[in-house]
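**Q** Numbered continuously in our numbering, the sequence shown closes out at residue 245.
Cβ coordinates follow ideal geometry from the N, Cα and C atoms, glycine included.
One structure coming up, written as structure tokens, with questions to follow.
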Amino acid sequence: GMQVWYPSSPAATSNGVPPIVSASTENDPELEFDREVYPLGVSPSCGAIIGVSSGMAGLGQGLGGLPSWDLLPSAQPILPCLLRHLLTRGSAAKALALAQASQGRPHFSQSLEWLLFTSVDALVSSSSNHRRQKSMSDLDPPALHLDSAEDSSVAAPRGDLAASKVEEKKASSVTAQSHHQVLVEQVVRLIRQFPEFLEVVVAVGRKSDEREWVALFRAVGRPSSLFEECLARTRL
């Protein structure tokens with residue numbers, strides 16, 4: 010398999026700003042490597058992990074019509090992974106420098122699209138989780154049934170513990186939502202520095218669900234304004 014080492018510790022930042030998301034990378038979408046691809050190495054020239062996968066070429070005429078297989082090259086960009094890492098550690102300047110150094114390389118526009126798409130998707134998912142936690146906390150807690158021999162004073166600690174857990178979940182969901190919101194804003198601010206910005210927004214809008222459009226255009230601007238900008242730049 011493929012393992013990834015980041016250039017800095019999870020808690021480290023370049024300017025003393027604490028990380029805006031959890032140090033855990035288990036759910037990092039940029040680390041979801043295609044398991045159908047066997048990785049061979051990293052190509053610095055194109056900024057991608059190079060691998061091979063197998064595909065059936067067809068059925069042979071001899072040997073009872075056994076299938077034949079071809080080896081297919083594959084490339085997975087690593088730029089989104091590095092940009093997300095830097096932005097979540099408060100290193101926006103380093104992220105911009107890395108993106109500028111990668112401009113013009115293969116998969117550059119695709120990398121920006123994937124970074125924006127996954128950031129917006131994470132924000133929408135965290136908002137849904139927050140609403141779910143809030144609706145659950147608004148429900149009345151189940152009544153505690155005590156035996157006659159059990160001291161009724163036990164009910165109070167149990168109720169306090171349940172309420173404390175609910176409040177912890179609500180606080181955690183609010184924190185995650187705010188973290189994802191900050192990340193989306195930083196991603197948009199980064200992509201705006203490049204002429205591919207409008208194309209990236211259009212591509213992300215096309216591949217996003219309708220429920221994600223509100224969060225997307227709240228971050229990148231009104232669709233009508235973007236359309237007028239496209240007209241002004243003759244980028245339709």
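1) Using the three-state DSSP reduction, which class does S217 fall into: helix, strand or coil?
2) With a threshold of 7 Å on Cβ separation, who are the neighbours of E238 within its own chain once the five nearest residues in sequence on each side are excluded?
3) Is it right to say W78 is buried, meaning 16 or more other beta carbons lie within 10 angstroms of its own, or is it exposed?
4) If you check the beta carbons only, do G64 and L75 fall under 8 Å apart?
5) Exposed or buried, E219, counting other C-beta atoms within 10 Å across all chains shown (16 or more means buried)?
6) Could you tell me whether the Cβ atoms of A224 and V133 are closer together than 8 Å?
7) So what does DSSP say about D43, is it helix, strand or coil?
8) Classify S100 as helix, strand or coil using the three-state DSSP reduction.
9) Between L107 and L91, is the Cβ-Cβ spacing less than 8 Å?
10) What does DSSP give as the partner residue(s) for G64 in the beta ladder?
11) With distance defined between alpha-carbon atoms, name the residue in P115, R98, L192 nearest to L124.
12) So is R44 buried or exposed if we call it buried at 16+ other beta carbons inside 10 Å?
13) Between P7 and Q119, is the Cβ-Cβ spacing less than 8 Å?
14) Taking A228 as the reference, which of L240, T243, I200 has the closest Cα?
15) Can you tell which of S234, V129, K103 has its C-alpha closest to the C-alpha of E194?
16) Going by Cα to Cα distance, which pick from Q186, R231, S135, P204 is closest to T243?
17) Can you tell me the Cα-Cα spacing of P232 and V197, whole angstroms?
18) Is it the case that the Cβ atoms of S100 and V46 are separated by a distance below 8 Å?
**A** So, to answer that:
1) coil
2) L207
3) exposed
4) For the 8 Å CB-CB criterion, G64 and L75 do not form a contact.
5) exposed
6) yes
7) coil
8) coil
9) yes
10) D79
11) L192
12) So R44 counts as exposed.
13) Not covered by the structure: residue 7. The range shown for the chain is 10 to 245.
14) I200
15) The option with the nearest alpha carbon to E194 is V129.
16) P204
17) 15 Å
18) no
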